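Asker:
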Ligand code: CP
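Numbering (my numbering), first residue to last: 92 to 396.
Next comes the structure, spelled out in structure tokens:
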């Protein structure tokens with residue numbers, strides 16, 4: 092499938108169901124054989140205007156396993172953005188130096204804007220509370236790998252469903268596969284109505300809860316999220332909700348044997364460390380899967396596979 096060649100990835104909705112499956116299938120191949128020097132001679136820009144550990148380093152790892160080179164920055168503090176340079180001028184400049192740009196930016200919609208002005212493809216590595224499509228693809232990869240299929244799963248999403256961009260992308264993608272959604276959050280952090288409308292339009296069901304134990308026997312996937320303190324306009328509101336959902340090992344007892352706990356990470360305190368040794372904990376493998384999925388994306392968008 093070479094329809095992905097040269098195309099930016101800004102939102103998971105930019106990809107059809109078939110294109111998503113194609114990337115996941117390619118990622119499986121990279122998991123079997125990670126060191127393929129198909130990016131020899133390519134330069135990839137990694138522009139992170141917002142902090143990151145997994146997304147930035149797994150992308151850079153993906154490029155280097157494939158034999159390519161990375162330029163870029165992990166903070167805009169050392170760039171001419173601090174002198175007032177615009178995003179457009181930054182993108183136009185960096186596109187002179189590289190074949191593809193990976194960008195994380197705190198402003199919703201910035202990735203779409205960058206894709207409209209850039210002569211080279213843009214991969215959105217997270218724009219504000221809006222979208223995180225590459226995280227979505229690695230989440231899908233992890234769900235398929237642990238459940239055997241993406242079809243008709245019951246997924247529970249817990250915590251910050253308002254500001255958590257990963258859950259927004261994941262709902263949109265799983266709507267293509269007939270999922271049933273179980274949302275657990277405080278009133279102030281409920282899933283936005285635009286996302287719930289998306290589910291209804293797909294003819295699917297969602298249910299809302301405030302008690303995490305209500306979904307424990309039902310869920311195939313328990314998708315924990317961090318309360319995104321940095322996105323709250325009022326720090327007092329964050330204080331009220333920051334400790335509401337803390338998953339402890341004993342709470343997993345009523346869950347299905349095949350259920351797996353996912354979390355995009357970083358975690359703060361929403362999963363206690365005693366969960367880490369439970370075979371149902373899958374979040375560190377999930378982060379590892381990010382390298383294979385990002386290798387697949389780079390190969391597809393650069394037209395190398
Ligand atoms: N999941 C994720 O986006 O992690 P980072 O913020 O560390 O990249």
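Idealized CB from N, CA, C, for every residue including glycine. In this text, all values refer to a predicted model and were calculated from it rather than measured experimentally.
Could you give the DSSP three-state label for residue 304: helix, strand or coil?
Answerer: Start at 1 with the first residue of the chain shown, and residue 304 comes out as number 213. If DSSP states are grouped into helix, strand and coil, residue 304 belongs with the helices.
Asker: When you measure from the CB of residue 173 to every non-hydrogen atom of the ligand CP, does any distance come out below 7 Å?
Answerer: Residue mapping note: residue 173 aligns to position 82 of the chain shown, counting from 1. Because no heavy atom of the ligand CP lies under 7 Å away, the Cβ of residue 173 does not count as near it: no.
Asker: Pick out the complete alpha helix (DSSP H) segments inside the segment 219–265, 4 residues or longer, and give them in chain order.
Answerer: Runs of the alpha helix (DSSP H) inside the segment 219–265: 224–238, 256–265.
Asker: Give me the Cβ distance between residue 271 and residue 223, rounded to the nearest whole Å; I'm assuming they're in contact under 8 Å.
Answerer: Within the chain shown, numbered from 1, the residue matching residue 271 stands at position 180. Within the chain shown, numbered from 1, the residue matching residue 223 stands at position 132. Contact flag wrong, Cβ pair sits at about 22 Å.
Asker: Starting from residue 340 and walking both ways along the beta strand (DSSP E), at which residues does that stretch end?
Answerer: Here the question's residue 340 lines up with position 249 in the chain shown. Careful: residue 340 lies outside any beta strand (DSSP E) and carries neither H nor E.
Asker: State yes or no: is the C-beta of residue 317 nearer than 7 Å to some heavy atom of the ligand CP?
Answerer: Position 226 of the chain shown holds residue 317. No; taking the cut-off as 7 Å, the Cβ of residue 317 has no heavy atom of the ligand CP nearer than that.
Asker: To the nearest angstrom, report how far apart residue 202 and residue 342 are at their CA atoms.
Answerer: Taking the chain shown and counting its residues from 1, the one referred to as residue 202 is at position 111. Taking the chain shown and counting its residues from 1, the one referred to as residue 342 is at position 251. Near 39 Å, if we compare the C-alpha coordinates of residue 342 and residue 202.
Asker: DSSP on residue 362, reduced to helix/strand/coil?
Answerer: Counting from one through the chain shown, the residue named residue 362 turns up at place 271. DSSP places residue 362 in strand when its eight states are reduced to three.
Asker: Do residue 359 and residue 149 have their C-beta atoms within less than 8 Å of each other?
Answerer: Locating residue 359 in the chain shown gives position 268, where the first residue counts as 1. Locating residue 149 in the chain shown gives position 58, where the first residue counts as 1. Against a cut-off of 8 Å, the Cβ pair of residue 149 and residue 359 comes out as no contact.
Asker: Which whole-angstrom value describes the C-beta separation of residue 316 and residue 239, a residue pair presumed to lie in contact below a C-beta threshold of 8 Å?
Answerer: Residue numbering aside, residue 316 sits at position 225 when the chain shown is read from its first letter. Residue numbering aside, residue 239 sits at position 148 when the chain shown is read from its first letter. No, residue 316 and residue 239 are not in contact; Cβ-Cβ is about 24 Å, not under 8 Å.
Asker: For residue 376, which residues in the same chain have their Cβ closer than 8 Å to its Cβ, ignoring the five residues on either side in sequence?
Answerer: Here residue 376 refers to the residue found at position 285 of the chain shown. 233.
Asker: Helix, strand or coil for residue 336 per DSSP?
Answerer: The sequence position of residue 336 within the chain shown is 245, counting from 1. In this structure, residue 336 counts as coil in the three-state DSSP scheme.
Asker: If distances are taken between C-alpha atoms only, which option among 248, 114, 329 comes closest to residue 380?
Answerer: The count along the chain shown starts at 1 and reaches residue 380 at position 289. Minimum Cα distance to residue 380 is reached at 114.
Asker: Please say whether residue 345 and residue 308 have beta carbons closer to each other than 8 Å?
Answerer: Looking up residue 308 in the chain shown gives position 217. Looking up residue 345 in the chain shown gives position 254. The answer is yes: Cβ separation under 8 Å.
Asker: Excluding sequence positions up to five away, which residues of its chain have a Cβ less than 8 Å from the Cβ of residue 268?
Answerer: Indexing the chain shown from 1 puts residue 268 at position 177. Correct list, in chain order: 108, 241, 242, 243, 244.
Asker: Does residue 216 come out as helix, strand or coil in the three-state DSSP assignment?
Answerer: Counting from 1 along the chain shown, the entry for residue 216 is found at position 125. Residue state, collapsed to three classes: strand.
Asker: Are the beta-carbon atoms of residue 165 and residue 199 separated by less than 8 Å?
Answerer: Position 74 of the chain shown, counting from 1, holds the residue named residue 165. Position 108 of the chain shown, counting from 1, holds the residue named residue 199. No, the pair does not count as a contact, with Cβ atoms beyond the cut-off.
Asker: What three-state label does DSSP hand residue 285 in the structure shown?
Answerer: Here the question's residue 285 lines up with position 194 in the chain shown. Helix.
Asker: Could you give the first and the last residue of the continuous beta strand (DSSP E) run that contains residue 163?
Answerer: The residue given as residue 163 occupies position 72 in the chain shown. Unbroken beta strand (DSSP E) run through residue 163: 160–164.
Asker: Which residues share a DSSP beta bridge with residue 272?
Answerer: On the chain shown, residue 272 is found 181 positions in, with the first residue counted as 1. Looking at the DSSP assignment, residue 272 forms a beta bridge with 246, 297.
Asker: Closest to residue 356 by C-alpha separation, out of 153, 125, 251, would be which residue?
Answerer: The residue given as residue 356 occupies position 265 in the chain shown. Ranking 153, 125, 251 by Cα distance to residue 356 puts 251 first.
Asker: In this structure, what does DSSP give as the bridge partners for residue 130?
Answerer: Residue 130 sits at position 39 when you count from the first residue of the chain shown. Answer by DSSP bridge pairing: none, since residue 130 is not bridged.
Asker: For the putative contact between residue 61 and residue 333, defined by C-beta atoms under 8 Å, what is the C-beta separation to the nearest angstrom?
Answerer: No answer is possible for residue 61: it lies beyond the span of the chain, which begins at 92 and ends at 396.
Asker: Where DSSP assigns a beta bridge to residue 314, which residues make up the other side?
Answerer: By 1-based counting over the chain shown, the position of residue 314 is 223. Residue 314 pairs with 248, 353.
Asker: Kindly list the residues whose CB is nearer than 7 Å to the CB of residue 323, restricted to its own chain and excluding five residues on each side of it in sequence; keep chain order.
Answerer: For the purposes of this step, residue 323 is taken as the residue at position 232 of the chain shown. Same-chain partners within the cutoff: 329.
Asker: In this structure, what does DSSP give as the bridge partners for residue 372?
Answerer: Translated into positions along the chain shown, residue 372 becomes position 281. Residue 372 pairs with 352.
Asker: For the ligand CP, is there any heavy atom lying closer than 7 Å to the beta carbon of residue 356?
Answerer: Counted from its first residue, the chain shown places residue 356 at position 265. Answer for residue 356: yes, Cβ within range of the ligand CP.
Asker: Got a sec, what are the start and stop residues for the alpha helix (DSSP H) residue 111 sits in?
Answerer: In the chain shown, residue 111 corresponds to position 20, counting from 1. Unbroken alpha helix (DSSP H) run through residue 111: 108–123.
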